[in-house]
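S.K.:
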Amino acid sequence: MTRYRAAGDEDAEVIASLHREAFSASDRGYGGEAELVAMLSADSDLVFSHVAEEDGAIVGHVALSPMRAEGDGNRIRALGLGPVGVSPNRQGRGIGSALIEAAHGWAREQGWQMIFLLGDPAYYARFGYLAETAAPFASPYAGPYWQALILDERFALPKSGRADYARAFAALEDE
Ligand SMILES: CC(C)(COP(=O)(O)OP(=O)(O)OC[C@H]1O[C@@H](n2cnc3c(N)ncnc32)[C@H](O)[C@@H]1OP(=O)(O)O)[C@@H](O)C(=O)NCCC(=O)NCCS
Numbered sequence: 000m001t002r003y004r005a006a007g008d009e010d011a012e013v014i015a016s017l018h019r020e021a022f023s024a025s026d027r028g029y030g031g032e033a034e035l036v037a038m039l040s041a042d043s044d045l046v047f048s049h050v051a052e053e054d055g056a057i058v059g060h061v062a063l064s065p066m067r068a069e070g071d072g073n074r075i076r077a078l079g080l081g082p083v084g085v086s087p088n089r090q091g092r093g094i095g096s097a098l099i100e101a102a103h104g105w106a107r108e109q110g111w112q113m114i115f116l117l118g119d120p121a122y123y124a125r126f127g128y129l130a131e132t133a134a135p136f137a138s139p140y141a142g143p144y145w146q147a148l149i150l151d152e153r154f155a156l157p158k159s160g161r162a163d164y165a166r167a168f169a170a171l172e173d174e
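Numbering that gives the first Met the number 0 numbers the first residue of the sequence shown as 0 and each following residue consecutively.
#1: Going by the beta-carbon positions, is the gap between W105 and F47 smaller than 7 Å?
#2: Got a sec? Which residues, its chain only, sit under 6 Å from G79 by beta carbon, not counting five neighbours each side?
#3: CB-CB under 8 Å to Y3, same chain, minus the five flanking residues each way: which ones, in chain order?
#4: Once the 5 residues before and after A24 are set aside, which same chain residues still bring their CB inside 6 Å of it?
#5: Would you say Y122 touches ligand 1, meaning its beta carbon is less than 6 Å from a heavy atom?
#6: Cβ atoms of D71 and P157: under 7 Å apart, would you say?
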């Protein structure tokens, strides 16, 4: 059985190993995601950090951090999703999806309006992330992998804006 719970300080080392393993085994390769989580935490930017556990072992992790975002001159309450990683031998069983849905549930409850991410559209489209939603927002990551999800149905997409990740992301190699 897979259990989902908030991560604690005591999980930091295992979470770091998990991201090293998950990203090293992936097509994109390891890009410093373990260090990113540690830096987000040190900066108090790790507002949501959730793990999947099986038989007492952590097999998945997802993080959310606040972004600096504005649209048509108004501040937007936006989060950045990532990193998200699942142990290579546990992938393809819905763990990544469950972690991402847990992140969305928390963010909606807390009144966040949007979530941005940089990732493969072939994976993230299933959760409602669209490049079109992120397109009005200037970013160093603009392009087909730059996607966003609107959490608040009353929120109208602005004509133009800007969205910047928490500062820890600047140190990430591939992002
Ligand atoms: C991406 C990741 C978190 C997904 O976790 P998971 O537990 O395997 O995800 P789920 O079981 O919920 O979903 C699996 C589905 O996603 C698909 N998928 C996974 N990675 C994908 C990708 N990069 N592009 C397209 N589809 C992808 C699988 O083919 C599978 O498809 P199916 O449902 O049609 O069978 C995991 O593969 C991982 O840790 N990858 C390495 C790290 C990484 O790339 N993280 C994301 C960075 S943006």
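For every residue, glycine included, the Cβ atom is placed at its ideal position computed from N, Cα and C.
M.R.: Reading off the structure:
#1: Against a cut-off of 7 Å, the Cβ pair of F47 and W105 comes out as a contact.
#2: These residues qualify, in order along the chain: S64, M66, F115 and Y164.
#3: Excluding residues within five positions, the ones whose Cβ falls inside 8 Å are H49, V50, A51, E52, A97, L98 and A101.
#4: Result list for A24: P87, in chain order.
#5: Y122: yes, Cβ under 6 Å from ligand 1.
#6: A contact, by the Cβ cut-off of 7 Å.
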